[in-house]
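Working notes for the structure below.
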Amino acid sequence: MTFSFQLQAEDAATGARAGRFGTPHGEVLTPAFMPVGTQGTVKSLSPEELAAAGCDILLCNTYHLMLRPGAGTVRRLGGLHRFMGWPGTILTDSGGFQVMSLNELNRVREEGVEFRSHLDGSRHMLSPEEAIRVQDDLGTDIAMSFDHLVRLPAPPDEVREAVDRTVRWARRGLEERTRLRDQGRGGMALFGINQGGTTAAERARCFAGLAEMPFDGFALGGLWVGEGRTLGLEMIERDCAEFPRDKPRYLMGVGHPVDVVEAIARGVDMMDCVLPTRNARRGTVFIGTGRLVVRNAAYAHDERPLDPECDCATCRKYTRAYLRHLFISGELLGMRLASVHAVHHMISLVRRARAAVLEGRFAAFRSGFLDKFASRETLAAAAS
Ligand SMILES: [Zn+2]
């Protein structure tokens with residue numbers, strides 16, 4: 026199976042692109058926003074609700090699923106799609122980020138990373154090869170290369186070492202996929218991840234190594250970890266200028282609507298983030314005119330939907346007053362309804378950006394979106 030990305034349009038005034046790619050589980054339109062299903066579920070939402078929100082691709086976390094229920098279990102149960110009842114495309118991360126961020130006691134060696142499970146303290150080892158095998162066991166459509174990321178700020182020699190290791194590990198991951206393919210497995214696409222933190226020269230050096238390898242797409246790693254929007258966007262622009270035109274570009278861990286639109290404007294095709302759904306469960310949602318805190322007393326008698334311009338299942342039916350009541354009362358339905366809106370809102374945002382690129386009006390779309398988002402217009406309580 027060959028993975029192929031079709032670039033459909035490029036905006037003349039910015040770096041924005043529209044494209045699509047097919048996987049054994051359907052077509053994915055880009056720019057794409059991927060909701061995050063950490064434990065094989067986008068918290069509180071059913072696959073039917075995700076599909077109704079327009080979702081065609083999900084991200085699932087290798088680290089969590091390999092520890093519980095275990096990749097072998099998922100494989101025996103027919104793979105992740107069947108296990109979780111999701112018929113669409115799945116991208117899995119490599120597990121590297123969680124191994125580094127959820128484990129204070131991890132040990133990075135050339136062979137891989139030794140870590141203790143955050144669930145029961147048991148010892149595990151994740152190597153570039155194992156990360157590929159686990160993702161294949163899960164039955165993912167798109168796998169990610171196992172990379173070495175460093176906690177920033179880090180001394181230059183540490184960043185340099187992580188870049189060199191990331192390139193070596195990337196090659197080992199590709200070789201493992203080739204071995205799997207020789208056994209009739211490993212049909213998944215595989216993306217390489219560029220590292221180097223916020224040091225432009227290191228990112229360039231990392232990509233010089235990765236560019237020679239036959240990856241199906243490339244990810245921008247190690248960004249949005251506290252470096253600030255200006256510097257982050259600068260690195261995105263840098264990476265996208267170098268990445269090949271004919272392969273998808275995936276920015277990891279970015280989900281604020283403004284960041285999403287700015288990343289698209291610089292040539293990013295795919296993004297994922299827990300932010301919109303995590304915020305929603307805590308009672309904060311993004312709407313077209315800014316960020317709305319649902320439990321705010323100002324909405325106690327507000328009969329408008331969360332977002333008057335949204336056509337999601339929640340906004341078509343429920344008022345702010347009701348949603349506020351649910352959150353104040355600690356009712357589960359509040360989290361679910363807010364999550365339905367949150368996923369729909371992000372996917373509809375990238376779909377509108379895509380339509381704007383295809384119609385040659387992305388620059389106007391972007392400035393219109395930014396003005397409106399900053400306006401906070403419908404956030405004020407309705408006059409009673
Ligand atoms: Zn809505």
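In the working numbering, the protein residues as written are 26 to 409.
Using N, Cα and C, we set each Cβ at its ideal position, and we do this for glycine too.
All values derive from a computational prediction rather than experimental measurement.
Let me check understanding here. Comparing Cα to Cα, which of the options lies closest to residue i?
i	options	result
Gly410	Ser119, Arg329, Asp271	Because residue 410 is not part of the residues shown, which for the chain are 26 to 409, the question remains open.
Arg185	Gly212, Cys231, Ser147	Cys231
His173	Arg193, Phe58, Val283	Arg193
Glu52	His149, Arg197, Ile167, Leu245	Ile167
Met277	Ala305, Gly217, Ala233, Leu331	Gly217
Met169	Leu235, Arg141, Phe243, Ala41	Phe243
Ala229	Glu267, Arg361, Asp182, Arg158	Glu267
Arg377	Val319, Ala363, Val285	Val285
Val67	Ala380, Phe387, Ile289, Val368	Val368
Cys85	Arg101, Phe108, Glu73	Phe108
Ser364	Leu248, Cys337, Arg329, Leu245	Cys337
Val159	Asp241, Val375, Gly121	Gly121
Leu92	Val124, His106, Glu73	Val124
Met213	Leu358, Asp332, Thr117	Thr117
Val293	Thr87, Ala57, Ala37	Ala57
Val133	Ser142, Leu151, Leu127, Glu35	Leu151
Cys335	Leu357, Gly359, Ala195, Val310	Val310
Ala236	Gln220, Trp249, Thr224, Gly313	Gln220
Leu215	Gly222, Thr223, Arg206	Arg206
Pro153	Pro180, Pro282, Val188, Glu201	Glu201
Val375	Gly280, Thr224, Pro178	Gly280
Arg155	Cys265, Glu356, Ser119	Correcting the residue identity first, residue 155 is Glu in this sequence and not Arg. It is Ser119.
Thr403	Gly313, His370, Leu395	Gly313
Thr165	Phe394, His50, Leu331	His50
What would DSSP say about residue i, mapped onto helix, strand or coil?
i	result
Gly149	The sequence shown places His at residue 149, not Gly. Here His149 sits in strand by DSSP.
His277	Sequence inspection shows Met at residue 277; the His mentioned does not correspond to that position. The answer is coil: DSSP assigns Met277 none of H, G, I, E or B.
Asp182	helix
Arg320	coil
Leu256	helix
Asp436	What is shown of the chain runs 26 to 409, which leaves residue 436 out entirely.
Leu412	The displayed coordinates of the chain run from 26 to 409. Any statement about residue 412 would go beyond what the structure contains.
Gly121	helix
Val159	helix
Thr114	strand
Ala346	helix
Leu127	coil
Gly198	helix
Ala168	strand
Ser409	Its pLDDT being 49, under 50, Ser409 is placed unreliably in this model, and the coordinates cannot settle the point.
Leu75	helix
Glu154	helix
Leu54	strand
Arg210	coil
Arg341	helix
Val250	coil
Ala263	The residue you asked about is not Ala; residue 263 is Arg in the sequence shown. Arg263: helix per DSSP, three-state reduction.
Val192	helix
Arg204	helix
Provide the residue span of the beta strand (DSSP E) that contains residue i, from first to last.
i	result
Phe311	309-312
Ala363	Run containing Ala363: none in the beta strand (DSSP E); it sits in the alpha helix (DSSP H), 357-383.
Glu334	Run containing Glu334: none; DSSP gives neither H nor E here.
Phe58	57-59
Phe243	242-245
Ile47	It should be pointed out that residue 47 corresponds to Gly in this sequence rather than to Ile. Here the beta strand (DSSP E) through Gly47 covers 42-48.
Asn219	214-219
In the DSSP assignment, the alpha helix (DSSP H) including residue i goes from what residue to what residue?
i	result
Gly97	96-101
Glu9	This structure gives no information on residue 9, because the portion of the chain shown stretches from 26 to 409.
Gln31	No alpha helix (DSSP H) contains Gln31, which is instead part of the beta strand (DSSP E) from 30-35.
Val231	A quick correction: the sequence has Cys, not Val, at residue 231. First-last of the alpha helix (DSSP H) with Cys231: 225-235.
Leu395	387-400
Met295	First-last for Met295: 295-297, but that is the beta strand (DSSP E), not the alpha helix (DSSP H).
Met91	87-92
Ala325	Run containing Ala325: none; DSSP gives neither H nor E here.
Val283	282-290
Phe108	105-109
Pro301	300-306
Would you say the beta carbon of residue i is closer than 7 Å to some non-hydrogen atom of ligand 2?
i	result
Cys298	The ligand content of the structure shown is limited to ligand 1, which means ligand 2 is not among them.
(message) Under 8 Å, with one C-beta from each stretch per pair, do the stretch 254-264 and the stretch 78-88 reach the 3-pair mark?
(response) Flag = no, the stretch 254-264 and the stretch 78-88 do not touch.
(request) Indicate whether the contact test is met: 3 or more Cβ pairs, each with one atom in the stretch 61-73 and one in the stretch 285-299, closer than 8 Å. (result) Taking a contact to require three or more Cβ pairs closer than 8 Å, the stretch 61-73 and the stretch 285-299 qualify as touching.
(message) Whether or not the stretch 112-119 and the stretch 131-147 are in contact is what I'm after, with contact meaning three or more pairs of Cβ atoms, one per stretch, closer than 8 Å; do they touch?
(response) Cβ pair count under 8 Å is below three, so no.
(request) State whether the stretch 347-356 contacts the stretch 308-328, with contact taken as three or more CB pairs (one from each stretch) at a distance under 8 Å. (result) With a cut-off of 8 Å, the stretch 308-328 and the stretch 347-356 count as touching, because enough Cβ pairs lie within range.
(message) Any contact between the stretch 28-42 and the stretch 380-389? By contact I mean 3 or more CB pairs, one from each, below 8 Å.
(response) The stretch 28-42, when compared against the stretch 380-389, does touch it at the 8 Å Cβ threshold.
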